[in-house]
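Visitor: Okay, so the sequence shown: first residue is 41 according to this note's numbering, each after it adds one. One structure coming up, written as structure tokens, with questions to follow.
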Amino acid sequence: MVDSPHVLLNKPSIKEIGLAVALLVFGTLAIVIGSIMAYNRVGGDSAHGIFFAVLGSLMFLPGFYYTRIAYYAYKGYKGFSFSNIPPI
């Protein structure tokens, strides 16, 4: 048996998955809160809420992407592994 330098370790990395889930949760909350702020014109106009929702979407997108990779790797789907998530 020959050892290859390109061995894929398919073990879950807790810090990276935790960060992805945190980005997903806080991004979702920021989008919802920003939408409510824009609708109710908190701060005098709707710009504050729109800005908050845009920042939430910037958090949501990578959180969703890496959480999806972690979920599919956990379920064992072909082509997905925990090594696809970049280290912190």
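By construction, the Cβ of each residue, glycine as well, lies at the ideal position given by its N, Cα and C atoms.
Using the C-alpha atoms, what's the distance from Met77 back to Ala60?
Guide: The residue given as residue 60 occupies position 20 in the sequence shown. The residue given as residue 77 occupies position 37 in the sequence shown. The alpha-carbon atoms of Ala60 and Met77 are separated by roughly 25 angstroms.
Visitor: Alpha carbon to alpha carbon, what distance is there between Ala62 and Ile90?
Guide: The residue given as residue 90 occupies position 50 in the sequence shown. The residue given as residue 62 occupies position 22 in the sequence shown. Cα to Cα, the separation comes out at about 21 angstroms.
Visitor: Going residue by residue through the region 45-88, where are the continuous alpha helix (DSSP H) segments of at least 4 residues, counting only ones entirely within it?
Guide: Correct list: 54-80.
Visitor: Figure out for me which residue from Ile54, Ile71, Ile125 and Pro52 has the closest Cα to the Cα of Val94.
Guide: Taking the sequence shown and counting its residues from 1, the one referred to as residue 94 is at position 54. For the residues Ile54, Ile71, Ile125 and Pro52, the minimum Cα distance to Val94 belongs to Ile71.
Visitor: Suppose you measure from the CA of Tyr106 to the CA of Leu69; what does that come to, to the nearest Å?
Guide: As a first step, residue 106 is located in the sequence shown; it is residue number 66 there, counting from the start. As a first step, residue 69 is located in the sequence shown; it is residue number 29 there, counting from the start. So the alpha carbons of these two residues sit roughly 18 angstroms apart.
Visitor: Look at the alpha carbon of Ser44 and the alpha carbon of Asn80, and state the distance between them as a whole number of angstroms.
Guide: Within the sequence shown, numbered from 1, the residue matching residue 44 stands at position 4. Within the sequence shown, numbered from 1, the residue matching residue 80 stands at position 40. For Ser44, the predicted model reports a pLDDT of 49, less than 50, meaning its position is unreliable; a value from the coordinates is still stated below. Between Ser44 and Asn80, the C-alpha separation is close to 59 angstroms.
Visitor: Count the other CB atoms, across all protein chains shown, that sit within 10 Å of the CB of Leu98; report buried if there are 16 or more and exposed otherwise.
Guide: Counted from its first residue, the sequence shown places residue 98 at position 58. Exposed, by the Cβ-count rule.
Visitor: Who are the near neighbours of Lys51 in its chain, counting only those whose CB is closer than 7 angstroms to its CB and skipping five residues on each side?
Guide: Residue 51 sits at position 11 when you count from the first residue of the sequence shown. For Lys51, where only same-chain residues beyond five positions count, the Cβ hits under 7 angstroms are Phe122.
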